[in-house]
Amino acid sequence: MSTIMQHGYLIIADISGYTSFVAKTELEHSQEILSELLELLVSRFQPTMTISKLEGDAVFAYAPEEVFVCSETLIDFIESMYVAFRDKQLSMKRATTCTCNACRNIPSLDLKFFIHCGDYIRQTIASIKELVGSDVNLIHRLTKNHVTEATGWRAYMMFTEQCLSHNGLNLAHAHVQMEEYESLGEIKTCDLGMDPQPGEAQPVGRRSRDLVRSRPTPGTTRPRLKQSLRARQIRQYRSDGGLASI
Ligand SMILES: [Zn+2]
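Under this note's numbering, the first residue of the sequence shown carries the number 3, and numbering increases by one thereafter.
Written out as structure tokens, the structure reads:
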């Protein structure tokens with residue numbers, strides 16, 4: 003057995019709606035759809051981050067702290083992964099003529115990110131590599147939270163306070179959510195919604211200003227991300243000759 007203690011970023015990308023998707027849809031196609039989406043996430047994480055493991059409907063990745071030199075890089079990384087995920091959903095939906103429940107419900111899947119900064123140990127036992135440590139436990143506990151309940155967001159990024167202070171990230175108007183976990187106590191998180199909001203006005207703003215002045219009250223999306231997603235919806239609308247389903 004060998005162990006190496008490191009400090010860095012721990013990120014979980016969790017596909018929302020997976021449980022009901024699998025329960026309510028044809029298993030064969032739902033598995034194909036999910037593996038394509040998971041493959042996309044893995045390819046977006048790499049090579050910037052290392053994949054620790056696939057956890058059913060989620061991807062768990064880590065990277066040493068030097069990887070994200072500034073907060074902008076970290077947020078850009080997450081947002082571009084989310085936009086790629088939405089793109090992939092659109093292209094999968096358009097590419098299939100199958101009318102099974104799984105294929106029809108591709109747009110119902112969404113994505114949540116959990117971002118924490120802390121210590122982890124890369125442990126190898128019998129050539130099986132694993133990440134362990136209390137910060138590794140913490141990020142997994144965060145996936146059970148009350149953000150959707152409080153904000154209505156289906157897609158969001160959740161940062162721990164520890165991650166924000168480490169990164170010097172100022173999310174002055176983010177949704178703040180306290181979560182309590184047995185044996186970990188109260189954890190303060192700052193959350194940004196990513197759901198596309200069709201029909202909302204699209205303010206144009208410079209990124210540095212967005213970070214401080216954006217008002218991610220429940221139901222709103224960061225301006226630049228919203229523009230990216232909206233541009234894709236419009237393209238989809240035109241090519242389908244009707245309303246986009248995403
Ligand atoms: Zn199908």
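Every residue gets a Cβ at the ideal spot worked out from N, C-alpha and C, and that includes glycine. None of the values given here were measured: they were computed from a predicted structure.
Local Cβ density within 10 Å of residue i, reported as buried at 16 or more and exposed below that
i: L173; result: buried
i: H177; result: buried
i: G58; result: exposed
i: N103; result: exposed
i: A157; result: buried
Residue i versus the options, residue with shortest Cα-Cα distance
i: C100; options: G170, H31, E181 and M7; result: H31
i: L133; options: L40, L227, I35 and F62; result: F62
i: K250; options: R46, L56 and L43; result: Any question about residue 250 goes unanswered here, given that the chain covers just 3 to 248.
i: M180; options: G170, G195, H148 and D197; result: H148
i: P66; options: H118, V24 and I35; result: H118
i: L186; options: H175, G195, R96 and N139; result: N139
i: E28; options: A157, Q125, I108 and C165; result: I108
i: G195; options: G120, T150, R96 and M51; result: T150
i: H9; options: R124, L92, A25 and V44; result: R124
i: D89; options: L113, A60 and I77; result: L113
i: M83; options: E184, M159, S37 and L171; result: M159
Span of the alpha helix (DSSP H), counted from its first residue to its last, around residue i
i: I141; result: S136 to L144
i: I108; result: Counting along the chain, I108 falls outside any alpha helix (DSSP H), and DSSP gives it neither H nor E.
i: H175; result: Run containing H175: none; DSSP gives neither H nor E here.
i: C192; result: Segment G187 to G195 is the beta strand (DSSP E) holding C192; no alpha helix (DSSP H) there.
i: E2; result: With the chain running from 3 to 248 in the structure shown, residue 2 is simply not present.
i: V149; result: V149 to T153
Residue i versus residue j: straight-line alpha-carbon distance, rounded
i: Y20; j: H142; result: 17 angstroms
i: A86; j: C105; result: 19 angstroms
i: L231; j: I80; result: 14 angstroms
i: T145; j: S167; result: 21 angstroms
i: L40; j: T153; result: 26 angstroms
i: S136; j: Y122; result: 8 angstroms
i: S18; j: F70; result: 26 angstroms
i: N169; j: Y64; result: 15 angstroms
i: I6; j: I127; result: 13 angstroms
i: I53; j: R46; result: 11 angstroms
Host beta strand (DSSP E) of residue i (start-end)
i: M159; result: Y158 to T162
i: A97; result: Run containing A97: none in the beta strand (DSSP E); it sits in the alpha helix (DSSP H), S73 to A97.
i: A65; result: A60 to P66
Interface flag, residue i vs chain B, CB-CB below 8 angstroms
i: E188; result: The chain labelled as chain B is not found in the depicted structure, where only one protein chain is given.
Point to revise | 4-residue-minimum alpha helix (DSSP H) runs that sit fully inside the region 28 to 55, ordered along the chain | key: 29 to 47
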